[in-house]
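The structure appears right after this line, and notes come after that.
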Amino acid sequence: MGIGRSMNNNVSPAGPAGPGPQGPAPASGGCGCGCIVVVIVALVCALISTALTSVTSCSTSTVEITASTHEREALPAGAAEKTVLYDDADGDWIHSPAVVEQGLEEFYDLTGVRPFLYILPNGTSTSATELGQVALQLYDELFDDEAHFVLVFCDDGQGSFTCGYAAGSQAKSVMDDEAIGILSDYLDRYYQDLSIDQEEIFSRAFADTAERIMTVTTSPIVYVAGAVAVVAVVGGIVFVVRKRAEARQSEQEHLEEVLNTPLETFGDAKLDDLEEKYRSPSNDD
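Residues 22 to 306, numbered by this note's numbering, are exactly what the sequence shown covers, in order.
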């Protein structure tokens, strides 16, 4: 079994406990072209907005979530015994068991690691090292397999919290240092979100952590590159559309000029010579 570790409401490194880090102008080609350009530009703006939202969304607070940089493989089914998911020793944190259990079960389903959340009475300890030892002790007392993850949570009663944890040797292949940092970030995010119930802090933190750590986070560069590519393609389309519209307009103007020109102006030298030739004999008579 892995050693007991710790985290507070900042990202906590492995090892000894300690504080961690924290509208365009219309086109000249007429209504048709102008409308097309406006629609295309609007679509581009929407795509760019979507890309940027994908990079910065999922946040109800200013907490930035650590990226998941490598693939993880879920533990095989049956690696962990199905045991209870939490114990609210404080007695005033979990009022809707189904809510917190839903997120913990989702974590288990995605990772194969069986979580156990232990909530100490508020103000019991603010020592991350001490809470890590509590987590290790609970693991030894409650579980015989190596696929559990124990999180000990303690609120200080003054708007902050501290956590300690212990992971079995199998669980550590999923809950590595980076994954622990991600869980810490989500706990911090939802702890600060006063719009949700207390149970949802843990439910969402575990569920979102599982979803994030079991995939590789897409780099923002990918979204930016995609947006640039879209702008380039659409810019080319707009250019072609405008050129065609200008050509049609020029052709239309030329046609109107021809139609408005009197026929007398379309003189022809050869026709004039021929007319003079046949007119000459009559003049001699």
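Virtual Cβ for every residue (Gly too), placed ideally from N, Cα, C.
Residues that residue i bridges to, as DSSP identifies them
i: residue 188; result: 170
i: residue 182; result: 176
Close-in-space but distant-in-sequence residues of the same chain around residue i (CB under 7 Å, 5 per side omitted)
i: residue 142; result: 110, 111
i: residue 203; result: 86, 87, 89, 230, 233, 234
i: residue 166; result: 100, 101, 102, 189
i: residue 228; result: 124, 127, 128
Chain-order list of residues whose beta-carbon lies under 6 Å from that of residue i (same chain, five-residue window excluded)
i: residue 156; result: 25, 171, 173, 185, 186, 187
i: residue 220; result: 115, 117, 120, 121
i: residue 147; result: 177, 183
i: residue 129; result: 135
i: residue 310; result: One cannot answer for residue 310 here, as it falls past the ends of the chain, which runs 22 to 306.
i: residue 19; result: Since the first residue of the chain shown is 22 and the last is 306, residue 19 is not available in this structure.
i: residue 163; result: none
i: residue 269; result: none
Counted within 10 angstroms of its Cβ, other Cβ atoms place residue i as buried (16 or more) or exposed
i: residue 127; result: buried
i: residue 169; result: buried
i: residue 265; result: exposed
i: residue 105; result: exposed
i: residue 45; result: Any reading at residue 45 needs caution, since the residue's pLDDT is 42, under 50, leaving its predicted position unreliable; the model's value is listed next. That one is exposed.
i: residue 191; result: buried
i: residue 113; result: exposed
i: residue 205; result: buried
i: residue 224; result: buried
i: residue 226; result: buried
i: residue 276; result: exposed
i: residue 256; result: exposed
i: residue 84; result: buried
i: residue 3; result: Residue numbering for the chain in the displayed model covers 22 to 306; residue 3 lies beyond these limits and cannot be assessed.
8 Å Cβ shell around residue i - same chain, five flanking residues per side excluded
i: residue 260; result: none
i: residue 139; result: 107, 108, 110, 155, 156, 159, 171, 172, 173, 174
i: residue 144; result: 175, 176, 177, 178
i: residue 180; result: none
Min CB distance residue i to chain C below 8 Å
i: residue 222; result: Among the chains of the structure shown, chain C does not appear; only one protein chain is present.
### Query
Within the chosen definition, does the segment 92-104 reach the segment 187-204 through at least 3 CB pairs nearer than 8 Å?
In this structure the segment 92-104 touches the segment 187-204; the number of beta carbon pairs closer than 8 Å is three or more.
### Query
Where are the alpha helix (DSSP H) runs, 4 residues long or more, that stay fully inside the segment 107-140, in chain order?
118-132
### Query
Three or more beta-carbon pairs under 8 Å between the segment 204-218 and the segment 150-166, yes or no?
Touching, no, given that fewer than three Cβ pairs across the two stretches are closer than 8 Å.
### Query
Going along the chain, which unbroken runs of the alpha helix (DSSP H) with 4 or more residues stay wholly within the segment 140-165?
149-163
### Task
Could you name each continuous alpha helix (DSSP H) segment of 4 residues or more that falls completely within the segment 193-231, going from the start of the chain to the end?
Complete alpha helix (DSSP H) runs here, min 4: 198-213.
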